[in-house]
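**Student:** There's a structure below that I have some questions on.
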Amino acid sequence: MMRLYIEKKLQEDFPEISVLVREITGVLVKNRDEQLEIFKQKVFDRLRKTYFIEDVKNLPVIRQYRSFYWRLGIDPTKTRPAGEALLRRILLGKDLPTINTLVDAYNLASAETGVAISALDREKIKGELVLRYSRVGELFFGMGMPASILLDEGRPIICDDEKVVALYPYRDSELTKITEETTKAVLIFCGVPGIENRFLQEVAEKTITYIKRFCGGEEIQQ
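For the sequence shown, my numbering assigns the number 1 to the initial residue and increments by one for each residue that follows.
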């Protein structure tokens, strides 16, 4: 079972931060699944009946992420928290992009709950995962980026023994992304101060249920 450690300095700066890691194996990731597409539309319809876009920024979970972003020096009106960005897209009448069945499944859970979820291909992770501040000279090759970028010092990141695998809590690396070749996935539920571990557990259960429904697989227990 993959574990994630939080570096002491970051833990001291954000003592209330909670991060949950779950691992699933034996998944079959496809480009698209018609039953998932139907299910997505049902979720979209329910969210559009539940929320008005003007109220999104005041939802309790979204407010906690926005507050965390401000503390990091990131303007959340320009770089939106992941769950907020997905929910806003849905409320604007747009569908979420079809990436693959595993990514689409956890994006649904993120849109519903507001929680940022990171997913990594287990086979592409080297050693252990650590949540810490970036250091001078570290590079990050984010998904969708044409090339690696040089990180500013002091940004929360998740890294393994060799590389940065995510900017916490909003962007995964191209180097560890989920693809149709993925059979084992590590899911990271990226909490921020003000979001309880109990809530992250509920989000994890929803996410794992969605993934198993549309990708199969079994969760690796601790």
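For every residue, glycine included, the Cβ atom is placed at its ideal position computed from N, Cα and C.
#1: Since I believe LEU151 is in contact with GLU138 (beta carbons under 8 angstroms), could you give me their beta-carbon distance rounded to a whole number of angstroms?
#2: Could you tell me the alpha carbon to alpha carbon distance between ASP172 and ILE53, rounded to whole angstroms?
#3: Three Cβ pairs or more, each shorter than 8 angstroms: is that satisfied between the region 98-107 and the region 22-33?
#4: Can you tell which of THR113, THR183, GLY127 has its C-alpha closest to the C-alpha of THR50?
#5: Pull up the distance between the alpha-carbon of THR207 and that of SER110, whole angstroms please.
#6: Using only alpha-carbon positions, find the residue among ALA119, PHE189, GLU12 that is nearest to VAL165.
#7: For VAL136, does the count of other Cβ atoms within 10 angstroms reach 16, so buried, or fall short, so exposed?
#8: Between the Cα of GLU84 and the Cα atoms of GLN11, LYS57, PRO156, LEU10, which residue gives the shortest distance?
#9: Residues bridged to GLY83 by DSSP?
#10: Using the DSSP secondary-structure output, state which residues sit across from LEU20 in a beta bridge.
#11: Of all the alpha helix (DSSP H) runs that stay within the bounds of the region 66-125, which reach a length of 4 or more residues?
#12: When you compare the CB positions of TYR133 and LEU4, do they come within less than 8 angstroms of one another, or not?
#13: Write down the C-beta distance between ILE157 and TYR168 rounded to the nearest angstrom, noting that I regard them as a contact closer than 8 angstroms.
#14: Mapping DSSP to helix, strand and coil, what is GLU218?
#15: Between which two residues does the beta strand (DSSP E) holding ILE158 run?
#16: Could you pull the start and end residues of the alpha helix (DSSP H) that LEU36 belongs to?
#17: Please list, in chain order, all residues of the same chain as TYR287 whose beta carbon is under 6 angstroms from its beta carbon, the five residues on each side excluded.
#18: Got a sec? Which residues, its chain only, sit under 8 angstroms from LYS126 by beta carbon, not counting five neighbours each side?
#19: Considering only residues of the same chain and omitting the five flanking positions on each side of GLY194, which have a CB-CB separation below 6 angstroms?
#20: Given that a residue counts as buried once 16 or more other Cβ atoms are within 10 Å of its Cβ, and exposed if not, what is LYS42?
#21: If you run the structure through DSSP and keep just helix, strand and coil, what is ILE53?
**Tutor:** On the basis of the coordinates in this document:
#1: 5 angstroms
#2: 26 angstroms
#3: yes
#4: THR113
#5: 8 angstroms
#6: ALA119
#7: exposed
#8: LYS57
#9: Paired residue(s): none; GLY83 is not in a bridge.
#10: PHE189
#11: 82-91, 101-113
#12: no
#13: 6 angstroms
#14: strand
#15: 156-159
#16: 34-50
#17: Lying before the first or after the last residue shown, residue 287 is absent from the chain, which here runs from 1 to 222.
#18: ASP160, ASP161, GLU162, LYS163
#19: GLN64
#20: exposed
#21: helix
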